[in-house]
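> Take a look at this one; I'll ask things after.
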Amino acid sequence: MRFYALSVYLFLYTPIAIIALFSFNAGRHASQFQGFSTQWYGRALKNPFVMDALETSLLVALVSATLASVLGTLAAVGLQGIRGPARAVFDGIIYVAVMIPGIVIGIATLIALVTVFDVLNPWLATLWPAAGQPPSLSMGIGSLIAAHTMFTMALVIIIVRARLGSLEQALTEASADLYATPFGTFRQVTLPLIAPAILAGFLLSFTFSFDDFIIAFFVAGSETTLPIYVFSSIRRGVTPEINAIGTMVMVASLLLLIVAQLVLRRGQRR
1 MRFYALSVYL FLYTPIAIIA LFSFNAGRHA SQFQGFSTQW YGRALKNPFV MDALETSLLV
61 ALVSATLASV LGTLAAVGLQ GIRGPARAVF DGIIYVAVMI PGIVIGIATL IALVTVFDVL
121 NPWLATLWPA AGQPPSLSMG IGSLIAAHTM FTMALVIIIV RARLGSLEQA LTEASADLYA
181 TPFGTFRQVT LPLIAPAILA GFLLSFTFSF DDFIIAFFVA GSETTLPIYV FSSIRRGVTP
241 EINAIGTMVM VASLLLLIVA QLVLRRGQRR
């Protein structure tokens with residue numbers, strides 16, 4: 001069993017270690033190590049296309065993670081009061097949203113958005129004043145944020161509901177006995193106790209949105225996120241610059257995941 005576990009870990013992490021190693025390659029070929037150098041990190045950070053893609057990815061990840069945290073927390077609190085078969089149905093829907101392949105979510109979101117745009121654009125053209133140019137809804141930043149919010153909101157619901165399930169019911173009952181309103185109980189009792197779970201859900205949502213390629217590929221339109229830029233670049237060949245970008249993204253994602261795990265553990269201890 002130890003040999004089996006070691007083999008699995010080597011299979012998973014050896015390619016990642018090779019990418020990190022060759023990101024410090026002094027040569028121009030990604031598969032031939034010709035000396036140690038950090039020049040490719042500097043070139044990646046000075047590349048205007050990389051910076052534009054990074055800015056787009058950060059904007060989409062930040063907005064979608066914020067929306068997912070707010071909407072997911074409200075949904076988790078609302079679902080906490082549901083019992084019986086209805087709760088099982090909602091639980092199934094939430095877990096299906098996490099388990100379903102990303103390509104299915106991407107295609108379904110693309111079809112849904114195109115259908116909505118085809119319905120709304122003629123109405124906007126009809127209602128818009130004749131003197132102005134009516135706006136036209138299309139794929140872009142908005143569709144990216146909407147798709148990532150929908151996908152990551154399920155993660156927030158699962159994390160926050162797990163935290164809500166571990167809370168003592170006596171705390172909210174005591175708050176009600178002290179004549180607190182439902183909103184006062186949520187603001188002064190429930191929210192401080194589930195805040196670590198909300199923060200962990202935000203960090204995970206940010207990480208998943210920032211790293212996503214499949215869903216973004218379908219709904220990005222003319223926008224280019226960092227994963228889409230990397231995919232477009234490797235079609236012309238892998239360079240040490242791509243290895244440097246991948247290494248930086250990997251390190252940032254690991255740091256966010258570690259912080260999220262620490263926040264959850266700290267909240268559970270409290």
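If you read the sequence shown in the UniProt record's numbering, its first letter stands for residue 1, the second for the next number, and so on.
Using N, Cα and C, we set each Cβ at its ideal position, and we do this for glycine too.
1) Per DSSP, what kind of secondary structure is Phe24 in: helix, strand or coil?
2) Once you ignore the five residues that flank Ser175 on each side, which residues in its own chain have a CB closer than 8 angstroms to its CB?
3) Quick one: residues in its chain with C-beta nearer than 6 angstroms to the C-beta of Leu79, no 5 flanking neighbours on either side, listed in chain order?
4) Between the C-alpha atoms of Thr152 and Ala216, what's the straight-line distance to the nearest angstrom?
5) Between Phe213 and the rest of its own chain, which residues show a CB-CB distance below 7 angstroms, the 5 nearest in sequence each way excluded?
6) Near Asp211, what residues of its chain come up, given a Cβ to Cβ distance below 8 angstroms and the 5 sequence neighbours on each side ignored?
7) Using the Cα positions of Pro85 and Tyr9, report the straight-line distance between them to the nearest angstrom.
8) Output the boundary residues of the alpha helix (DSSP H) element that contains Asn121.
9) Whole-angstrom Cβ separation of Glu223 and Ile94, contact assumed at under 8 angstroms?
10) If contacts are defined as beta-carbon pairs under 8 angstroms, then Ile194 and Val160 qualify, I think. What distance do you get, rounded to the angstrom?
11) Less than 8 angstroms between the beta carbons of Pro240 and Asn25, yes or no?
12) Does the beta carbon of Ser7 sit closer than 8 angstroms to a beta carbon anywhere in chain C?
13) Reducing DSSP to helix, strand and coil, say where Phe36 ends up.
14) Using only alpha-carbon positions, find the residue among Pro134, Ala5, Arg2 and Phe36 that is nearest to Ala244.
15) Measuring alpha carbon to alpha carbon, tell me which residue in Thr38, Ala61 and Ala5 is nearest Phe208.
16) Grouping DSSP H, G and I as helix and E and B as strand, with all else coil, what is Gln133?
17) Just curious, the alpha helix (DSSP H) that Asp177 is in, first and last residue?
18) Compute the beta-carbon to beta-carbon distance between Gly221 and Ser136, rounded to the nearest angstrom, for a pair I have assumed lies under 8 angstroms.
19) Between Gly81, Ser23, Gln34 and Val116, which has its C-alpha nearest Arg43's C-alpha?
20) Residue ranges of each beta strand (DSSP E) run of no fewer than 3 residues wholly in the region 187-242, ordered along the chain?
21) With H, G and I counted as helix, E and B as strand and the rest as coil, what does DSSP make of His29?
22) Confirm, please, whether the CB-CB distance from Val98 to Ala154 is below 8 angstroms.
23) Using the C-alpha atoms, what's the distance from Trp123 back to Ile82?
24) Can you list, in chain order, the residues of its chain with a C-beta nearer than 8 angstroms to that of Thr66? Leave out the 5 residues immediately preceding and following it.
25) From what residue to what residue does the alpha helix (DSSP H) around Thr157 run?
Based on what the coordinates show:
1) coil
2) Gly184, Thr185, Gln188 and Val189
3) Phe90
4) 13 angstroms
5) Pro227, Ile228 and Phe231
6) Pro227, Val249 and Ser253
7) 41 angstroms
8) Gly102 to Leu127
9) Not quite, the Cβ-Cβ distance comes to about 28 angstroms (not below 8 angstroms), so this is no contact.
10) 6 angstroms
11) yes
12) The structure shown contains no chain C, having only a single protein chain.
13) strand
14) Phe36
15) Ala61
16) coil
17) Gln169 to Asp177
18) Actually they are not in contact, since the Cβ atoms of Gly221 and Ser136 sit about 12 angstroms apart, beyond 8 angstroms.
19) Ser23
20) none
21) coil
22) yes
23) 38 angstroms
24) Phe202
25) At residue 157 the sequence reads Ile, which differs from the Thr that was named. That run of the alpha helix (DSSP H) goes Ile141 to Gly165.
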